[in-house]
Structure formats: structure tokens, C-alpha cells
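Quick note, the sequence shown lines up with residues 182 to 308 if you use my numbering. C-beta atoms are modelled at their ideal positions from N, C-alpha and C, and glycine is treated no differently.
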Amino acid sequence: MSGAVLSRAERIARLNDLARRAMGIACVVVATEGVRALPEADQSRLRELVETFDAFTPDNDPYGERDFRAIYQAVDGVWSVSRPVDVAVTVFWKIDAYERALRFGSEDPADPAVTRRVLTIMLASEY
182 MSGAVLSRAE RIARLNDLAR RAMGIACVVV ATEGVRALPE ADQSRLRELV
232 ETFDAFTPDN DPYGERDFRA IYQAVDGVWS VSRPVDVAVT VFWKIDAYER
282 ALRFGSEDPA DPAVTRRVLT IMLASEY
């Protein structure tokens, strides 16, 4: 373990990464009605793409907190984190930080002792 002090954004990013990789354990997971209406295979693929995404850049993650991305389904049915030419469905996933009782936003999203994360997977049309 290094002695380097992490920035607030990096602490939040690491907690968000843990939430994505341990859905339902390190965070509360919510799938909207539209996502729950998709075939189970599509829902499973969406979760896999959320869990494994690691191509964050300053362009797609300007605050460095790794808390939001889009996933696309092409007209041929293939899901991808890269936007295809012909998009059939767009899904967003977003991580929000709440206080432990999940009633209000967390006062310090970088502190897991006072924060619970909620990862929401939704159709873009439901945003």
C-alpha cells in the first residue's frame, strides 16, 4: 500500500468502482421499469457492462468520480459501451451518494461511514 494521499475525487471514484463491481453488496441497485421489462439476457449483459467498464477518461468522466455512463444496443441487438452508428436503445447507469438512511444526499460521498451508494440502471428515455 502506498503512502500517497488520495484526492477526494479519487476516493469517490474508488468507492464507485467498488459499488459497480459488487452490485447489491457495496451499493443498492435499482433497475427502472423499462430496464426490468427487457429480456433477462439483456439485463444480465447490461449488468456485466456496468461491472466491467474501465475506460473512463477526462472526456467521459470530467469530475473523475466514475459515476455515470451510457450503454448502447445496436439495431442488430448487440450491447456495447461504444456508440454504434445505428442505436436502437440507450441505457444510462448512474451512481448517487446518499446518507445512510437513503433519505438525503450524503454530506461526504468520499466517506463510506456516512454514505450509501445507489446505482440506478435506466433507459435513457426514463431519465
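| query | Which runs of the alpha helix (DSSP H) spanning at least 4 residues fall entirely within the segment 208-241, listed in chain order? | reply | Counting only runs of 4 or more, we get 214-217 and 221-233.
**Prompt:** When you compare only the Cα positions, how much space is there between R298 and W274?
**Reply:** Cα-Cα distance, rounded: 13 Å.
So the beta strand (DSSP E) L313 belongs to, where does it begin and stop?
Residue numbering for the chain in the displayed model covers 182 to 308; residue 313 lies beyond these limits and cannot be assessed.
* Asked: Do A190 and E280 have their CB atoms nearer than 8 Å?
  -> It is not a contact, given that the beta carbons lie outside the stated cut-off.
message = With a threshold of 7 Å on Cβ separation, who are the neighbours of Y244 within its own chain once the five nearest residues in sequence on each side are excluded?
response = A190, listed in sequence order.
Quick one: any contact between the segment 282-293 and the segment 225-237, if contact means 3 or more CB pairs under 8 Å? Too few Cβ pairs lie closer than 8 Å, so no.
On the DSSP bridge list, what partners appear for A277? For the record, residue 277 in the displayed sequence is Asp; it is not Ala. The partner list for D277 (beta bridge, DSSP) reads V299.
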